[in-house]
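First up is the structure itself, then whatever we jot down about it.
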Amino acid sequence: MIGLSDVSRDSDYANKIIDKADYISSNYENIFVIKNGTDLWPIFNNGLIYFRPTLTDGDSITLREAIFFGCQSIVSDVVPRPHGVSLFNLKEDNVLNKLDDMLEKIYVGN
């Protein structure tokens, strides 16, 4: 699932992101794109992992919602993050390994 914030199409960058997300969702049946300001918090109640690979960030409301609903979270370490999330560095860490490790802990319980 890919969640896009309420992004206007006023910039070339926003258009590229929206077009790429639309392409991915139309070509992969197991990926869904949520956009246009749709609330994500109901999904966190049943979600498996919240993944936030941002290069810049603030105090993310979405991350705090994921934590509140008990959704495991893997987030970039670009700013201080709340307790209880798994951090990664976009330049140094293998993010796929982190995701695999978290999925194994969820499914196997280790």
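Quick note on this note's numbering: the sequence shown kicks off at 95 and runs consecutively.
All C-beta atoms in this analysis are idealised placements derived from N, C-alpha and C, irrespective of residue type, glycine included.
Just so you know, these numbers come straight off a predicted model, no measurement behind them.
Using the C-alpha atoms, what's the distance from residue j back to residue i?
i: A160; j: W135; result: 7 Å
i: R175; j: M196; result: 18 Å
i: K185; j: P147; result: 11 Å
i: Y117; j: H177; result: 35 Å
i: Y201; j: N183; result: 24 Å
i: D106; j: N121; result: 22 Å
i: E123; j: K192; result: 24 Å
i: N188; j: T132; result: 30 Å
By the DSSP assignment, the beta strand (DSSP E) with residue i in it spans what residues?
i: R158; result: Careful: R158 lies outside any beta strand (DSSP E), inside the alpha helix (DSSP H) at I155 to F162.
i: L181; result: S180 to F182
i: V169; result: Q166 to S170
i: R146; result: I143 to R146
From which residue to which residue does the alpha helix (DSSP H) around residue i run?
i: L190; result: V189 to V202
i: Y117; result: D106 to N121
i: P136; result: W135 to F138
How about residue i and residue j: are their beta carbons less than 8 Å apart?
i: V127; j: A115; result: yes
i: F145; j: F163; result: no
i: L142; j: Q166; result: yes
With a cut-off of 8 Å, do at least 3 Cβ pairs link the segment 168-175 to the segment 148-156? These segments touch.
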